[in-house]
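Visitor: Mind having a look at this structure? Questions to follow.
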Amino acid sequence: MEKQKISQSDLAFLKQELNKHKSRGIISEKQVDTIIESYQVNGSISFIKVLVTVGSILMGLGILSLIASNWIYMGKVFKFSLIIIAYLVTQWISFRIREHYPKTSRSLTYLGVLIFGAGIFLIGQMFNFGGRFTNAFFMWALGIFPLLIYLKDQWMFTFLHLLLLVYLNGQFVYGSIPFSLFLIIPILYRLQRYFTLKENLFLTNIITLNFIWLLLAEGFHVKTELILIIFFVIGLLMYFFPISYYPKIFQTQGNILFGVTGVILTLDWIWKDFDFVQALHLPNYFSIHILFAIFYFLLLLSLVRKNNLFALLFIGITILRFYFDAMYDFLPKSIFFFTGGILLLGFGFYFERKRKELGREPR
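If you want our numbering, it's the 1-based position in the sequence shown plus 217.
Shown next as structure tokens:
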């Protein structure tokens with residue numbers, strides 16, 4: 218049976234809980250050993266791996282610096298051949314030593330990935346290819362995709378996400394929609410099953426949310442205020458209806474998403490351009506942003522009762538937001554800042570005490 222990979226801290230917690238059940242006579246010592254043996258600790262970052270990775274990066278920078286300083290003196294054929302040969306030789310050596318020197322081999326693979334990316338930019342400059350710089354990052358991501366799937370490398374998967382984020386946000390600057398992500402994003406979610414680094418799912422969700430924002434803003438020309446409302450709803454859905462695969466990641470991101478957008482939506486100017494708000498003719502003391510703030514505050518209070526520290530944090534931010542809005546022009550500045558400091562210190566003390574009582578991360 219294939220062992221489930223977990224972190225060292227999770228394994229320690231599991232052993233602690235199993236020993237409690239064993240002491241109560243619920244399970245036997247043999248059952249405890251059987252359960253523990255079905256798990257395997259994720260490989261930690263070793264000093265050797267860090268050393269050879271940094272070394273490969275420095276080698277890559279040195280080679281690129283040498284080439285760049287003599288670039289104008291080289292012919293196009295020589296330049297192109299140099300890039301191709303450097304990439305192929307690096308990957309060939311990496312595959313040859315993979316069995317006996319896996320860490321050094323992996324570092325050479327990273328070096329080859331850097332050479333591949335630099336080659337895309339240098340070849341584009343050499344042959345005067347037009348187009349946007351973001352396309353180079355997209356080609357870089359596509360180029361390492363097969364190698365990533367073959368090696369199942371966690372950090373290369375992370376690097377792929379970063380390349381796609383640069384590409385996506387670059388397209389946003391140009392005001393165009395990268396429709397290729399309609400195909401790539403489902404593949405990224407599918408690949409999560411083969412990787413144990415949960416942070417990659419966090420990045421995949423960021424790419425998805427980033428793409429939705431771009432699609433709404435540039436594709437459908439939706440107002441920013443309405444997009445904020447949509448993202449508030451998305452955050453609620455992520456928190457209350459997380460996908461079964463790594464649900465804590467979805468809940469954490471959903472919590473942050475509806476928390477941040479919720480605070481922004483308590484601002485009165487967000488709602489002024491909506492026709493339905495104008496049609497309601499609500500008085501200033503009972504405006505739509507006050508109604509939303511009451512709903513938002515009650516939602517956070519309900520989550521605080523479930524020991525949600527993020528909700529407690531956003532309650533403090535919301536209180537400070539209304540304090541600044543209501544008292545900045547009313548109180549003398551010395552009293553305003555002094556009182557604000559007391560509020561911050563008091564909230565910080567309460568938050569820290571609550572965190573220690575729970576003895577775990579926010580959920």
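C-beta atoms are modelled at their ideal positions from N, C-alpha and C, and glycine is treated no differently.
(1) Report the CB separation of TYR367 from GLY329 in whole angstroms; it is logged as a contact under 8 Å.
(2) Counting Cβ pairs, one atom from each stretch, are 3 or more of them under 8 Å apart for the stretch 417-437 and the stretch 384-395?
(3) Taking the continuous alpha helix (DSSP H) assigned at GLU442, which residues delimit it?
(4) Buried or exposed for PHE457, going by 16 or more other Cβ atoms inside 10 Å?
(5) Fully enclosed by the stretch 505-534, which alpha helix (DSSP H) runs are 4 residues long or longer?
(6) What is the residue span of the alpha helix (DSSP H) that TYR304 lies within?
(7) Which class does ILE402 belong to by DSSP, given the choice of helix, strand or coil?
(8) Under 8 Å: do the stretch 459-477 and the stretch 502-511 share three or more Cβ pairs, one atom per stretch?
(9) Exposed or buried, ASP370, counting other C-beta atoms within 10 Å across all chains shown (16 or more means buried)?
(10) Are the CB atoms of ASN472 and PHE586 within a distance shorter than 7 Å?
(11) What does the Cβ neighbour count give for TRP488, buried or exposed, with the cut at 16 atoms within 10 Å?
(12) Ordered along the chain, which non-local residues of its own chain (more than five positions away) have a Cβ less than 7 Å from that of TYR318?
(13) Suppose you measure from the CA of ILE507 to the CA of THR326; what does that come to, to the nearest Å?
(14) Say whether the stretch 465-484 touches the stretch 526-540, bearing in mind that this needs 3 or more beta-carbon pairs closer than 8 Å, one atom from each stretch.
(15) With a CB to CB cut of under 8 Å and the five nearest residues on each side skipped, what residues in its chain are close to GLN221?
(16) Report all residues from its chain with a CB closer than 6 Å to the CB of GLY360; omit the five preceding and five following residues, and keep chain order.
(17) Could you have a look at ILE473 and say whether DSSP puts it in helix, strand or coil?
(18) For TYR367, which of helix, strand or coil comes out of DSSP?
(19) Do ALA358 and LEU381 have their CB atoms nearer than 7 Å?
(20) Let me know if ILE559 comes out buried or exposed under the rule of 16 or more other beta-carbons within 10 Å of its beta-carbon.
(21) Please list the terminal residues of the continuous alpha helix (DSSP H) segment that includes ILE244.
(22) My output table needs one value for TYR463: the three-state DSSP class, helix, strand or coil.
(23) Look at the Cβ atom of LEU517, then the Cβ atom of PHE531, and state whether they are nearer than 7 Å.
(24) In terms of residues, what are the limits of the alpha helix (DSSP H) holding THR425?
(25) Please state whether DSSP places TYR545 in a helix, a strand or coil.
Guide: Let me spell this out:
(1) Indexing the sequence shown from 1 puts residue 367 at position 150. Indexing the sequence shown from 1 puts residue 329 at position 112. Between GLY329 and TYR367 the Cβ distance is about 13 Å, and since that is not below 8 Å, they are no contact.
(2) yes
(3) As a first step, residue 442 is located in the sequence shown; it is residue number 225 there, counting from the start. 441-457 is the extent of the alpha helix (DSSP H) around GLU442.
(4) The sequence position of residue 457 within the sequence shown is 240, counting from 1. Counting Cβ neighbours within 10 Å, PHE457 comes out exposed, since fewer than 16 surround it.
(5) 505-521
(6) In the sequence shown, the residue the question calls residue 304 occupies position 87. That run of the alpha helix (DSSP H) goes 293-313.
(7) Counted from its first residue, the sequence shown places residue 402 at position 185. Helix at ILE402.
(8) no
(9) As a working note, residue 370 is residue 153 in the sequence shown. Buried is the call here.
(10) Residue 586 cannot be examined here, being either before or after the span of the chain that is shown, 218 to 580.
(11) Position 271 of the sequence shown holds residue 488. TRP488 is buried by the Cβ-count criterion.
(12) Here residue 318 corresponds to residue number 101 of the sequence shown, with the count starting at 1. Closer than 7 Å at the Cβ level, and outside the excluded window around TYR318, lies no residue.
(13) Within the sequence shown, the letter at position 290 stands for residue 507. Within the sequence shown, the letter at position 109 stands for residue 326. Computed Cα separation, rounded: 56 Å.
(14) yes
(15) Start at 1 with the first residue of the sequence shown, and residue 221 comes out as number 4. Closer than 8 Å at Cβ, skipping near neighbours: SER255, TYR256, GLN257.
(16) Counting from 1 along the sequence shown, the entry for residue 360 is found at position 143. Taken in chain order, the residues that qualify are PHE333.
(17) Position 256 of the sequence shown, counted from the first residue, corresponds to residue 473. Helix, per DSSP.
(18) Translated into positions along the sequence shown, residue 367 becomes position 150. TYR367 falls in the helix class under three-state DSSP.
(19) By 1-based counting over the sequence shown, the position of residue 358 is 141. By 1-based counting over the sequence shown, the position of residue 381 is 164. It is a contact, given that the beta carbons lie within the stated cut-off.
(20) One-based indexing of the sequence shown puts residue 559 at position 342. ILE559 should be labelled exposed.
(21) As a working note, residue 244 is residue 27 in the sequence shown. Counting along the chain, ILE244 falls outside any alpha helix (DSSP H), and DSSP gives it neither H nor E.
(22) Here residue 463 refers to the residue found at position 246 when the sequence shown is read from its first residue. Coil, per DSSP.
(23) Counting from one through the sequence shown, the residue named residue 517 turns up at place 300. Counting from one through the sequence shown, the residue named residue 531 turns up at place 314. Yes, Cβ-Cβ distance for LEU517 and PHE531 is below 7 Å.
(24) The residue you call residue 425 lines up with position 208 of the sequence shown. Start and end: 415-431.
(25) The residue you call residue 545 lines up with position 328 of the sequence shown. The answer is coil: DSSP assigns TYR545 none of H, G, I, E or B.
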